[in-house]
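*Asks:* Sequential numbering from 259 applies to the sequence shown in the working numbering.
Ideal Cβ placement from N, Cα and C applies to all residues, glycine included.
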Amino acid sequence: MRVFWDERQRRHAPVQELHNGGFVPFAEHIGRVDSMLAALGATHSVPDRGEAPLLRVHPGPYLDFLKSAFIDWKAAGRPGDAAGYVWPVIGRRALELDRIDARLGQYSMDASTPIAEGTWESAYWSAQTALAGLEALLAGDRAAFALCRPPGHHAGADYMGGYCYLNNAAVAAEAAWAAGLGRVAILDIDYHHGNGTQDIFGARGDVFFASVHADPRTDYPFFWGHGDEGGAGEGEGATLNLPLPRGTGIRDYEAALDKALEAIAAFGAGLLVCSFGADTFAGDPICAFALETADYAPVARRIASLGLPSLVVMEGGYAVDALGENVASFLRGF
Ligand SMILES: [Zn+2]
C-alpha cells in the first residue's frame, strides 16, 4: 500500500493545550509523525490540487480565518499560539466580527485546537495528502494510506476542534463523489467520535458514516456520537454510531466493527474512506480502550474484506513510541 506524506505537515507546532483545567504540552506533536515514518519507510509525494477541493467542504470565510488567524493574533500583540475564550453556544449568528478573539470563538468548538504559525500550511497539506491518496485509488490502487497531520475528523465545515482544522476524510469523500465514484462510505475507527465528519454528512443520503468509538458519556467530544444519532432528513439511516465502554478489548471491538461493516456493505458504496486512529491502543496516554499492536492487523483484514477501494486517512494516536508499529500492523492487515 502506498503511503502519502508531505513534509510541510511538520510546520504545525503549537506549544501547549488546555487539558483537564491546566496547560500541558500539545499532544498532537510532530513526534507522532517521526514514529510513523520510521515504521512505514518510503513515502510518496503529494501534488498541490489547490483550494477548490477544500471548498467543496469548507466555506471560503472559514479558510480565510485559518490563513490569517495567527497573523491577526500577533498583530494584536499576543504571545504564544492563538486560542479562543468565548464560544457562541446560544445561537450562532454569522456575524462578521473583526476581533481575533471573536473569530476564534466563532470558528471553533473547544480549547484544544490552538493555531500556531505553521498551522494553516500543515492543515492545507494534510488535506492535499488525503487527496493524493484518493488519486492513487483513481489510478487503480486497491488501497492507499494518507499520513494526514494535523488530523481532521473533529473539524466541521466551518469550525475546528480536537486538534483538527480541515476535515481530510470529508475532503477526500467529496472529491471521490466529484470524480464519479458514486456513493461513499466513511468508517471512523478513531477512539473518539468523528463529530465533524458526522456533522458534514449527517443530512446526506449518499454518504454513509459509521463510527466505532468511546462512549461520549465518558469521553470527548461528549455531545455527539451517542447511539441514537442516526442522521437527519435525506441522511436518515445513513449514520451509525456504535459507542463502546472504556476498557473495551479486541473481542467486543470486533463485534461492533462487524456491525459497522455489515451496514456499510448493505449501503452499497463504491469507495471506503477509513478514518483510522491508533488511540484505541491499550497504551494510549489520553484514551482507554485495550487494543494491542497485534490486534490492528486482523481489524484491518476485516475492513479489507469489504472488497472496496479503500483510502485510509490518519487521525489520532498519542502513544508515540508504539504509534509507528500500530499503524504498520494496521496497514499490513490490508
Ligand atoms: Zn482520537
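Using only the heavy atoms of ligand 1, determine whether one of them is closer than 7 angstroms to the beta carbon of residue 574.
*Replies:* Yes, ligand 1 has a heavy atom inside 7 angstroms of this Cβ.
*Asks:* With a cut-off of 8 angstroms, do at least 3 Cβ pairs link the stretch 576-585 to the stretch 409-424?
*Replies:* The answer is no - the stretch 409-424 does not touch the stretch 576-585, with fewer than three Cβ pairs under 8 angstroms.
*Asks:* Closest by CA to residue 492, which one among 433, 486, 462 and 317?
*Replies:* The residue with the shortest Cα to Cα distance from residue 492 is 462.
*Asks:* Are there 16 or more other CB atoms within 10 angstroms of the CB of residue 563, so buried, or fewer, so exposed?
*Replies:* Classification for residue 563: exposed.
*Asks:* Taking only runs of the alpha helix (DSSP H) that begin and end inside the stretch 349-408, which ones reach a length of at least 4 residues, in chain order?
*Replies:* Fully enclosed alpha helix (DSSP H) runs of 4 or longer: 358-364 and 377-396.
*Asks:* Taking three-plus beta-carbon pairs below 8 angstroms as touching, is the stretch 342-360 in contact with the stretch 269-286?
*Replies:* They do not touch, by the three-pair rule.
*Asks:* State the Cα-Cα distance for the pair residue 583 and residue 355, rounded to the nearest angstrom.
*Replies:* So the alpha carbons of these two residues sit roughly 46 angstroms apart.
*Asks:* Would residue 416 and residue 270 be called neighbours here (beta carbons separated by less than 8 angstroms)?
*Replies:* No.
*Asks:* Report the start-end ranges of each alpha helix (DSSP H) in the stretch 261-342 that is 4 residues or longer and not cut off at the edges.
*Replies:* For the stretch 261-342, whole alpha helix (DSSP H) runs of length 4 or above, ordered along the chain, are 289-298, 310-313 and 318-333.
*Asks:* Under a Cβ-count criterion, where at least 16 other Cβ atoms within 10 Å of its own Cβ denotes burial, should residue 348 be classed as buried or exposed?
*Replies:* Exposed, by the Cβ-count rule.
*Asks:* On the criterion of 16 or more Cβ atoms from any shown chain inside 10 Å, does residue 484 qualify as buried, or is it exposed?
*Replies:* The residue is exposed, with fewer than 16 neighbouring Cβ atoms inside 10 Å.
*Asks:* Under the rule that 16 or more other beta-carbon atoms within 10 Å means buried, what is residue 559, buried or exposed?
*Replies:* Exposed, by the Cβ-count rule.
*Asks:* What three-state label does DSSP hand residue 551 in the structure shown?
*Replies:* Looking at residue 551 - three-state DSSP - the assignment turns out to be helix.
*Asks:* If I'm right that residue 570 touches residue 385 with Cβ under 8 angstroms, what's the distance once you round it to whole angstroms?
*Replies:* Wrong, their Cβ atoms sit about 15 angstroms apart, outside the cutoff.
*Asks:* For residue 501, which residues does DSSP report across the bridge?
*Replies:* Partner(s): 471.
*Asks:* Who does residue 534 pair with in a DSSP beta bridge?
*Replies:* Partner(s): 572.
*Asks:* Taking the C-alpha atoms as reference points, what is the distance between residue 472 and residue 535?
*Replies:* So the alpha carbons of these two residues sit roughly 12 angstroms apart.
*Asks:* Going by DSSP in three states, residue 527 sits in which element: helix, strand or coil?
*Replies:* In the structure shown, residue 527 sits in coil (DSSP, three-state: anything other than H, G, I, E or B).
*Asks:* Using only alpha-carbon positions, find the residue among 378, 407 and 526 that is nearest to residue 442.
*Replies:* Ranking 378, 407 and 526 by Cα distance to residue 442 puts 526 first.
*Asks:* Report yes if the C-beta of residue 270 is less than 7 angstroms from at least one heavy atom of ligand 1; otherwise report no.
*Replies:* Checking every heavy atom of ligand 1 against the Cβ of residue 270, none is found closer than 7 angstroms.
*Asks:* Note down, in chain order, each residue of its chain lying with its Cβ closer than 6 angstroms to the Cβ of residue 440, except the 5 sequence neighbours on either side.
*Replies:* If we look at residue 440 and ignore the five residues flanking it on each side, its Cβ neighbours are 528.
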